[in-house]
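Number of protein chains: 2
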Amino acid sequence: MSKTLVKNGLFLTADETCPLIEGYMEIDGDTISYIGKDAPAEGADYGEIVDGRNRLYMPGLVNTHGHAAMSLLRGVGDDLALQVWLQEKMWPNEARFTSKDVKWGTLLSQLEMVKGGTTSFVDMYDHMNEVAQAVELSGMRGVLTRGVIGLCPPEVQQAKLAEAKQFARDWHGKAEGRITTMMAPHAPYTCPPDYIEKIVDAAHELDLPLHTHMSETAREVAENESEYGLRPVAHLEKLGVFSRPCLVAHGVHLNDEEIGVLAKYDVRVSHNPGSNLKLASGVARVPDLLARGVKVSLGTDGAASNNNLDMFEEMRLAALIHKGVSGDPTAVPAAIALQLGTTMGAESIWLQKVGSLAAGMKADFIALDLDQPHFLPASNYLSHVIYSASAKDVTDVWVDGKQLVRKGKCLTLDEEKIKAEFKSRYSRLMEG
Amino acid sequence: MSKTLVKNGLFLTADETCPLIEGYMEIDGDTISYIGKDAPAEGADYGEIVDGRNRLYMPGLVNTHGHAAMSLLRGVGDDLALQVWLQEKMWPNEARFTSKDVKWGTLLSQLEMVKGGTTSFVDMYDHMNEVAQAVELSGMRGVLTRGVIGLCPPEVQQAKLAEAKQFARDWHGKAEGRITTMMAPHAPYTCPPDYIEKIVDAAHELDLPLHTHMSETAREVAENESEYGLRPVAHLEKLGVFSRPCLVAHGVHLNDEEIGVLAKYDVRVSHNPGSNLKLASGVARVPDLLARGVKVSLGTDGAASNNNLDMFEEMRLAALIHKGVSGDPTAVPAAIALQLGTTMGAESIWLQKVGSLAAGMKADFIALDLDQPHFLPASNYLSHVIYSASAKDVTDVWVDGKQLVRKGKCLTLDEEKIKAEFKSRYSRLMEG
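From first to last, the protein sequence lines stand for chains A and B.
Reminder that position 241 of the first sequence reads as 241 in UniProt numbering, one-by-one numbering, no gaps.
Reminder that position 369 of the second sequence reads as 369 in UniProt numbering, one-by-one numbering, no gaps.
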């Protein structure tokens with residue numbers, strides 16, 4: 001792969017030492033080889049020179065929790081409580097998902113994500129071979145896991161676990177290293193304790209991280225206490241979940257002691273503000289988590305509970321709601337919100353050299369069209385990205401130095417075919 | 001003006017009796033003359049026939065509180081408390097605004113608003129002749145008022161009030177009726193009581209409504225109590241503000257009794273969720289206001305405290321935050337969020353025949369591009385508009401039957417010239 005040069009660019013690096021650079025960025029293969037105010041040393045033979053005028057370049061966004069195929073259920077059941085929504089609207093429909101439904105649902109979501117500036121995403125779902133193949137195709141980075149629900153007979157539990165292990169083994173490190181895998185008990189309320197222990201054992205055996213939903217609603221916490229005598233954090237700690245590197249989604253209802261436990265084990269929390277608000281789950285204690293040194297990142301959750309996959313919106317929600325709810329206008333300032341969506345996102349899901357623009361980092365970056373009223377004046381581009389931008393401002397996207405989106409058009413996925421197939425899968429499901 | 005027909009359209013009417021229509025809409029001059037499943041009676045001589053395939057048509061959005069020229073201060077001072085932000089960042093800069101700054105700042109904001117689907121907006125600011133001329137030019141609907149701050153010597157107060165009255169008189173009903181006016185004491189904390197009384201007298205004399213900021217922060221409420229012995233609602237009631245039709249912006253900190261007073265006088269509340277969260281002012285009691293019959297609408301506030309003018313985002317925030325904060329997932333459902341941005345918005349600012357798509361209503365409507373991943377599947381377009389859409393999905397905009405935006409391009413305003421002039425005004429301001 002030859003070198004690429006972006007010239008006349010404005011780079012919001014998400015690097016604390018040098019946040020905004022006007023100048024040049026050089027990409028050598030899958031890596032950023034130079035970024036700086038001055039032109040790089042002469043003599044390079046560039047395969048492509050990109051004119052960066054009127055563009056803001058920044059790291060690709062990292063979406064640390066989701067269920068991509070659930071785009072098939074976008075708008076199917078709004079304004080309902082989590083348990084009702086799950087049990088009456090989601091689970092009955094999802095039970096009828098075939099692997100082809102998951103394929104096309106996931107492809108549609110990847111199309112939405114990548115065109116909107118997300119370059120890495122976590123996916124916890126079923127029929128994960130389809131998801132992995134979709135990641136191979138799209139060129140995105142995927143941290144994938146077969147989420148298992150244990151509310152079933154032991155032989156079915158066993159089969160699901162075997163399938164999850166097989167998937168994790170088969171795909172870890174594949175797609176030129178863009179795919180990594182995890183093990184995932186769906187949640188403490190959907191997996192009996194002994195089943196969770198078996199999944200933890202498997203994660204040890206495969207040397208992989210764990211991912212689970214945890215403490216999403218007050219009801220979940222209360223039921224966990226009444227069923228097991230422990231709140232979810234102590235329950236999962238007891239079952240050994242935190243003996244592995246671990247990413248929990250939501251973490252809305254946490255007390256001080258629990259935050260201390262998460263910090264002690266370096267458990268990472270995927271904050272899903274849009275989903276938590278929509279399902280009325282509550283507002284996670286993000287400023288407190290950050291103050292205690294817990295790594296926090298952002299997830300959209302599935303499109304059925306969000307209802308879009310716009311990571312700019314999640315960064316903005318994270319910056320806005322914690323101010324409004326705490327009464328502290330300095331809570332989650334723009335620079336932190338950017339980190340949640342980039343550097344801390346990458347760290348939270350164990351991605352190496354991903355999340356910021358600096359020499360030596362992977363060339364995962366995006367461009368935004370600055371030539372628009374809502375990006376004026378040129379007062380503060382960090383502020384504009386967090387408080388004013390949206391997914392639809394993204395014009396170009398690169399992962400591993402490869403361009404995936406050019407002038408708003410996805411180069412790796414066939415948008416028209418995906419939309420058509422998706423529509424036909426949805427019709428079939430609804431005829432059900 | 002000849003007739004226009006939109007055929008093969010999908011219409012989200014914001015009319016409670018018939019929310020979604022697939023079919024035809026006919027526009028005769030400035031008015032919707034027909035909307036329905038079947039083609040209108042034959043024989044009409046259409047000046048234009050619009051093919052509505054892949055488009056969702058809905059009423060233009062109504063932004064009931066803002067300060068358009070403040071786009072010049074977008075990104076200048078984030079993550080600060082309201083009083084600090086006002087006193088250290090906004091007022092010193094605003095004091096140096098000339099009428100030309102207001103002209104170009106307002107034009108840039110109108111460009112952002114109209115391209116993003118807002119067709120009517122409230123503006124409270126200074127140099128209002130420039131704002132009114134900008135509304136004449138853009139073709140938008142403007143409810144305009146010279147906001148007066150009374151922290152100045154009596155003769156200056158007097159001059160400001162005379163100017164505000166003159167403006168209100170000169171422009172009410174102008175621009176083919178698209179401009180209406182109000183009188184506006186800026187806030188109880190910036191206007192002494194006797195000055196507010198004089199402004200109320202002027203509103204009676206001119207038979208105009210009143211608009212003011214009220215109960216935006218807990219600090220404001222506490223200071224009002226300590227200075228005047230009354231909370232802001234009782235204070236304004238005593239000064240006669242509610243003896244006129246009245247629109248208050250924010251209304252974040254209200255007790256039950258105060259909500260009762262607002263309901264009794266039919267005072268309208270412009271809810272500004274983005275601004276209130278960003279400035280950490282708090283979360284207004286919108287479900288309680290609605291339950292008591294108070295008319296609530298949505299405002300972006302100025303771009304310096306939001307930081308964009310995307311009314312889709314305000315509708316989504318209104319639908320999301322009240323669920324998350326109350327714990328009730330049925331709070332502010334999508335249908336109500338749509339009303340806040342359309343029908344209730346128009347009613348709140350006394351616009352006649354504006355806010356929904358129905359025969360006899362003004363032809364203020366917009367089109368969204370449905371052929372995008374985040375609008376799939378075709379499960380529930382009301383849900384998609386509230387939970388998934390953004391300003392950038394808007395392709396076409398009409399006000400009074402006149403097309404203002406076509407395929408994303410504003411037909412009435414010169415975008416390149418406005419951006420260039422805006423940049424030069426900003427540079428001049430920052431040079432001081």
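A virtual CB, placed ideally from N, CA and C, is assigned to each residue, including glycine.
Here the structure is a predicted model, which is why all the values come from computation and not from measurement.
Item                                                                                                                        : Value
Test: Ala280(A) CB closer than 9 Å to a CB of chain B                                                                       : yes
Neighbour flag for Thr181(B) against chain A, beta carbons, 9 Å                                                             : no
Chain A contacts made by the stretch 339-363 of chain B, where a contact means CB separation under 9 Å                      : none
Members of the stretch 108-121 of chain B near chain A, C-beta cut-off 7 Å                                                  : Leu108, Leu111, Glu112
Partner residues on chain B for Leu80(A), Cβ-Cβ distance less than 7 Å                                                      : Pro329
C-beta contact flag for His250(B) and Ser215(B) at 9 Å                                                                      : yes
Local conformation of Pro59(A) per DSSP, three classes                                                                      : strand
With 16 other Cβ atoms within 10 Å as the buried cut-off, status of Ser356(A)                                               : buried
Beta-bridge partners of Gly36(B), as assigned by DSSP                                                                       : Tyr24(B)
Proximity test, Cβ basis, 9 Å: Gly66(A) and chain B                                                                         : no
Coil, strand or helix - residue 463(B) by DSSP                                                                              : Residue 463(B) is absent from the model: chain B starts at 1 and stops at 432.
Inter-residue spacing [alpha-carbon to alpha-carbon] between Gly360(B) and Leu429(A)                                        : 40 Å
Inter-stretch contact (C-beta, 8 Å, three-pair minimum) for the stretch 19-32 of chain A and the stretch 297-309 of chain A : no
Beta carbon proximity, Glu415(A) to chain B, threshold 9 Å                                                                  : yes
Within-9 Å CB hit, Tyr381(B) to chain A                                                                                     : yes
In chain order, each alpha helix (DSSP H) run of at least 4 residues that lies wholly inside the stretch 193-240 of chain A : 193-206, 218-228, 232-238
Per-residue contacts from Ile321(B) into chain A (C-beta, under 8 Å)                                                        : Leu277, Ile321, Gly324
Extent of the continuous beta strand (DSSP E) to which Lys3(B) belongs                                                      : 3-12
The stretch 305-320 of chain A: positions lying closer than 9 Å to chain B by Cβ                                            : Asn306, Asn307, Asn308, Leu309, Asp310, Glu313, Arg316, Leu317, Ala319, Leu320
Min CB distance Ala391(B) to chain A below 9 Å                                                                              : yes
Rounded straight-line distance, which links the Cα of Ser243(A) to that of Ala391(B)                                        : 46 Å
Phe365(A): first and last residue of the uninterrupted beta strand (DSSP E) it sits in                                      : 365-369
Collapsed DSSP secondary structure at Ser388(A) in the structure displayed                                                  : coil
Residues that Phe422(B) contacts on chain A, provided the C-beta gap is smaller than 9 Å                                    : Pro373, Leu376, Pro377
Any C-beta of chain B under 9 Å from that of Arg74(A)                                                                       : yes
Beta-bridge partners of Arg268(B), as assigned by DSSP                                                                      : Leu247(B)
Simplified DSSP assignment, three categories, for Ile179(A)                                                                 : strand
Cross-chain neighbours of Pro333(B) in chain A, by beta carbon under 9 Å                                                    : Asp78, Asp79
CB contact below 9 Å: His253(A) versus chain B                                                                              : no
Distance between beta carbons of Thr145(A) and Ser348(A), contact taken as under 8 Å                                        : Rounded, the Cβ-Cβ distance is 14 Å, inconsistent with contact.
Tyr125(A) versus Arg268(B) - alpha carbon distance                                                                          : 46 Å
Cross-chain neighbours of Lys419(A) in chain B, by beta carbon under 8 Å                                                    : Asp371, Pro373, Leu376
Partners in chain A for residue 455(B), counting only beta-carbon separations shorter than 8 Å                              : Summary: the structure shown does not reach residue 455(B), with chain B confined to residues 1 through 432, and so no result is reported for it.
Within chain B, partners of Gly274(A) - CB distance below 9 Å                                                               : Arg316, Leu320, Tyr387
Three-state secondary structure (DSSP) of Thr31(A)                                                                          : strand
Alpha carbon of Glu416(A) to alpha carbon of Glu94(B), nearest angstrom                                                     : 49 Å
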